[in-house]
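**Q** Using the numbering used here, the first residue of the sequence shown is number 180, and each one after it goes up by one. All residues carry an ideal CB built from backbone N, CA and C; glycine is no exception.
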Amino acid sequence: MPQLNQISQRERLLTADGLSKAFAGVHALQEVSFDVRGGEVHALLGENGAGKSTLVKVISGVLRADSGEVRLRDEPFAPRDPGASLAAGVGVVFQELPLIPDLTVMENIYFDRQPLSPLGTVARRRMRARTDELFASIGLAGINPTRQPRDLSVAARQLVAIAKVLAADPDIVVLDEATSALGPSEVAWLFERTRALAAAGKGIVFISHRLAEADEISDRVTVLRNGRNVGTWTAGEISPDGLISAMLGRRLEQLYPEQHNTPGDETVLAVRELAAGRRLHHPDIRLSEEAFSRMYDQKTAARHWRKWRHNFRLLTVAQGRALITLHPQTSDTATEEARKVQP
Ligand SMILES: Nc1ncnc2c1ncn2[C@@H]1O[C@H](COP(=O)(O)OP(=O)(O)O)[C@@H](O)[C@H]1O
Ligand SMILES: [Mg+2]
């Protein structure tokens with residue numbers, strides 16, 4: 180884990196200063212300041228509706244801020260659209276994938292930048308070779324560049340969207356909920372890429388509603404709540420409890436009244452109604468150990484499982500909707516109740 184002084188000494192690649200953006204009375208961003216440094220993975224956390232995607236859209240030219248400014252290195256940065264943003268070195272993998280279903284994978288990746296023959300026509304063979312090279316260089320296997328996104332799984336489409344951004348070799352890569360459609364091995368692939376990019380001096384903004392993922396990958400973390408930046412911390416400087424409290428704006432003890440359970444042999448993972456957001460109407464949900472391990476790759480699952488199994492609470496956010504707690508099953512009644520509600 181890099182120390183604070185190391186991060187603060189790194190070059191500030193992108194700086195957002197006092198950004199505000201309102202939609203018909205909804206203050207999506209209020210005076211948000213944020214920066215991304217070379218060589219860091221900066222997690223951006225917050226509940227659904229906190230303003231994360233809006234921030235990314237303002238930075239990349241999808242939306243105009245009402246006030247505030249963004250600087251790329253020392254220059255004002257106001258790209259007219261995401262293509263211009265990418266060309267200037269700020270690549271965003273958007274939460275809503277902007278792939279064009281009628282084009283092939285490779286045409287999507289090199290959209291706007293297709294290699295041309297001397298006659299000015301698209302050099303398809305060269306584009307194919309370039310895509311093969313790209314996929315090989317980033318370790319992406321099993322996606323046929325000549326297929327159309329509509330024929331691919333959601334996960335494969337997500338991988339293509341990531342590859343499209345990486346193909347332009349940007350200095351800053353923003354991943355907005357890029358893991359939500361991915362399985363454990365694909366997330367592992369993305370983390371490996373992310374680490375390699377950071378090691379090469381790029382700045383990465385990692386947006387996820389899975390707190391455990393952010394915890395695993397990030398050097399710094401910024402929390403947005405109701406359109407405001409409520410804090411930026413270096414990894415290790417804030418506990419997962421602290422992060423959740425920052426996201427929800429309440430102390431964790433208020434969310435989890437103290438339970439005097441003793442660790443039993445059998446443990447369960449439970450998602451509990453925690454009023455995480457106005458739209459949350461969620462019953463308690465029990466997840467089996469197996470279901471839990473499916474949420475992570477095995478190594479991470481094992482690590483988290485060991486780390487938290489005696490702690491009574493697992494500090495992660497499930498589907499951006501509720502908190503997950505890990506607690507021992509202490510009685511048959513609890514088991515019985517847990518059985519009534521299935522994931
Ligand atoms: N195009 C839009 N029109 C109106 N409201 C929007 C629009 N985009 C976002 N919002 C609102 O702005 C707030 C922030 O949304 P968003 O940035 O998508 O949050 P997040 O990505 O953190 O879940 C939410 O209240 C959302 O409903
Ligand atoms: Mg979003």
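Less than 8 Å between the CB atoms is what I'm expecting for L223 and V366, so what's the real figure, rounded?
**A** Position 44 of the sequence shown holds residue 223. Position 187 of the sequence shown holds residue 366. Actually they do not touch by this definition, with Cβ atoms about 17 Å apart.
**Q** Which partner residues of L265 appear in the DSSP bridge assignment?
**A** The sequence position of residue 265 within the sequence shown is 86, counting from 1. Per DSSP, none; premise fails for L265.
**Q** Determine the closest residue to V344 out of S332, A357, F213, with distance taken between C-alpha atoms.
**A** Start at 1 with the first residue of the sequence shown, and residue 344 comes out as number 165. It is A357.
**Q** Going by CA-CA distance only, name the one from A391, K381, G428 that's closest to V269.
**A** Counting from 1 along the sequence shown, the entry for residue 269 is found at position 90. It is K381 whose Cα lies nearest to the Cα of V269.
**Q** Judging by CA-CA distance, which residue of P297, L242, G217, L251 is the nearest neighbour of A378?
**A** On the sequence shown, residue 378 is found 199 positions in, with the first residue counted as 1. If we check each option's Cα against that of A378, G217 comes out closest.
**Q** Would a check of beta-carbon distances place N323 closer than 9 Å to chain D?
**A** Given the protein chain composition of this structure (a single chain), no chain D is represented.
**Q** Which class does R191 belong to by DSSP, given the choice of helix, strand or coil?
**A** Translated into the one-based positions of the sequence shown, residue 191 becomes position 12. If DSSP states are grouped into helix, strand and coil, R191 belongs with the strands.
**Q** Please output, in chain order, the residues near ligand 1 using a CB cut-off of less than 6 Å to any non-hydrogen atom of the ligand.
**A** Going along the chain, the residues that qualify are F202, V205, A207, G225, N227, G228, A229, G230, K231, S232, T233.
**Q** Going by the CB atoms, is the gap between T413 and R399 shorter than 9 Å?
**A** Here residue 399 refers to the residue found at position 220 of the sequence shown. Here residue 413 refers to the residue found at position 234 of the sequence shown. Taking 9 Å as the Cβ cut-off, R399 and T413 qualify as a contacting pair.
**Q** At a cut-off of 8 Å, would you count Q274 as near ligand 2, judging by its Cβ distance to the nearest heavy atom?
**A** Here residue 274 corresponds to residue number 95 of the sequence shown, with the count starting at 1. Because some heavy atom of ligand 2 lies under 8 Å away, the Cβ of Q274 counts as near it: yes.
**Q** Whose C-alpha, out of V235, N287, M306, F290, is nearest the C-alpha of S296?
**A** Taking the first residue of the sequence shown as 1, we reach residue 296 at position 117. Looking at the Cα atoms, M306 is the closest of the given residues.
**Q** At what residues does the beta strand (DSSP E) containing S212 begin and finish?
**A** Working through the sequence shown from its first residue, we reach residue 212 at position 33. It spans 205–216 - the beta strand (DSSP E) in which S212 sits, taken as one unbroken run.
**Q** Give the straight-line distance between the Cα atoms of G415 and D281, rounded to the nearest whole angstrom.
**A** Looking up residue 415 in the sequence shown gives position 236. Looking up residue 281 in the sequence shown gives position 102. Their backbone Cα atoms lie some 45 Å apart in a straight line.
**Q** Taking the runs of the beta strand (DSSP E) that are 3 residues or longer, which of them lie wholly in the region 348–414?
**A** Counting whole runs of 3 or more residues, the region 348–414 contains the beta strand (DSSP E) stretches 351–355, 382–386, 399–404, 407–413.
**Q** Spell out a yes or no on whether the region 196–216 and the region 246–264 are touching, meaning 3 or more CB-CB pairs, one atom from each, closer than 8 Å.
**A** Output reads yes: the region 246–264 touches the region 196–216.
**Q** Would the region 260–269 and the region 335–342 be scored as touching if the rule is three or more Cβ pairs under 8 Å?
**A** With the cut-off at 8 Å, the region 260–269 and the region 335–342 do not touch.
**Q** Closest by CA to F370, which one among E219, L278, L234?
**A** Walking along the sequence shown from the start, residue 370 turns up at place 191. Comparing Cα positions, the closest option is E219.
**Q** Report the CB separation of F213 from T401 in whole angstroms; it is logged as a contact under 8 Å.
**A** Counting from one through the sequence shown, the residue named residue 213 turns up at place 34. Counting from one through the sequence shown, the residue named residue 401 turns up at place 222. Yes, F213 and T401 are in contact; Cβ-Cβ is about 6 Å, under 8 Å.
**Q** Assuming S232 is part of the alpha helix (DSSP H), what are its boundary residues?
**A** Locating residue 232 in the sequence shown gives position 53, counting from the first residue. Here the alpha helix (DSSP H) through S232 covers 231–238.
**Q** Any heavy atom of ligand 2 closer than 8 Å to the beta-carbon of E392?
**A** Looking up residue 392 in the sequence shown gives position 213. Because no heavy atom of ligand 2 lies under 8 Å away, the Cβ of E392 does not count as near it: no.
**Q** How many Å lie between A302 and V205 at the Cα?
**A** Walking along the sequence shown from the start, residue 302 turns up at place 123. Walking along the sequence shown from the start, residue 205 turns up at place 26. If I take the Cα positions, the gap works out to 47 Å.
**Q** Taking DSSP as the reference, what is the three-state secondary structure of A455?
**A** Taking the sequence shown and counting its residues from 1, the one referred to as residue 455 is at position 276. Any reading at A455 needs caution, since the residue's pLDDT is 36, under 50, leaving its predicted position unreliable; the model's value is listed next. In this structure, A455 counts as coil in the three-state DSSP scheme.
**Q** Opposite V272 in the DSSP bridges: which residues?
**A** For this step, residue 272 is matched to residue 93 along the sequence shown. According to DSSP, V272 bridges with L354.
**Q** Using CA atoms only, rank isn't needed, just tell me which of Y289, I396, A346 is closest to L319.
**A** As a position in the sequence shown, residue 319 is number 140, starting the count at 1. Minimum Cα distance to L319 is reached at A346.
**Q** Taking the alpha-carbon of D355 as reference, which of D348, L276, V333 has the nearest alpha-carbon?
**A** The count along the sequence shown starts at 1 and reaches residue 355 at position 176. Among D348, L276, V333, the Cα nearest to that of D355 belongs to L276.
**Q** Since D253 and G240 are thought to touch, with beta carbons under 8 Å apart, how far apart are those beta carbons, to the nearest angstrom?
**A** Walking along the sequence shown from the start, residue 253 turns up at place 74. Walking along the sequence shown from the start, residue 240 turns up at place 61. 19 Å between Cβ atoms; not a contact.
**Q** May I ask you to report which of helix, strand or coil DSSP gives I186?
**A** As a working note, residue 186 is residue 7 in the sequence shown. Helix.
**Q** Measuring straight from C-alpha to C-alpha, what distance separates R309 and K236?
**A** Start at 1 with the first residue of the sequence shown, and residue 309 comes out as number 130. Start at 1 with the first residue of the sequence shown, and residue 236 comes out as number 57. The alpha-carbon atoms of R309 and K236 are separated by roughly 29 Å.
**Q** Within 8 Å: the Cβ of D355 and any heavy atom of ligand 2?
**A** Translated into the one-based positions of the sequence shown, residue 355 becomes position 176. Flag set: Cβ of D355 near ligand 2.
**Q** For E312, does the count of other Cβ atoms within 10 angstroms reach 16, so buried, or fall short, so exposed?
**A** Residue 312 sits at position 133 when you count from the first residue of the sequence shown. Under this definition E312 is an exposed residue.
**Q** Please name the residue, chosen from E395, H388, L390, S359, that lies closest to T373 on a Cα-to-Cα basis.
**A** Here residue 373 is taken as the residue at index 194 of the sequence shown, counted from 1. Residue E395 is the option with its Cα nearest to T373.
**Q** Got a sec? Which residues, its chain only, sit under 8 Å from I186 by beta carbon, not counting five neighbours each side?
**A** For the purposes of this step, residue 186 is taken as the residue at position 7 of the sequence shown. Counting only Cβ-Cβ distances below 8 Å, and skipping sequence neighbours, we find R216, E219, D398, R399, T413.
**Q** So, E226 versus M426, is the Cβ gap smaller than 9 Å?
**A** Residue mapping note: residue 226 aligns to position 47 of the sequence shown, counting from 1. Residue mapping note: residue 426 aligns to position 247 of the sequence shown, counting from 1. Going by C-beta atoms, E226 is nearer than 9 Å to M426.
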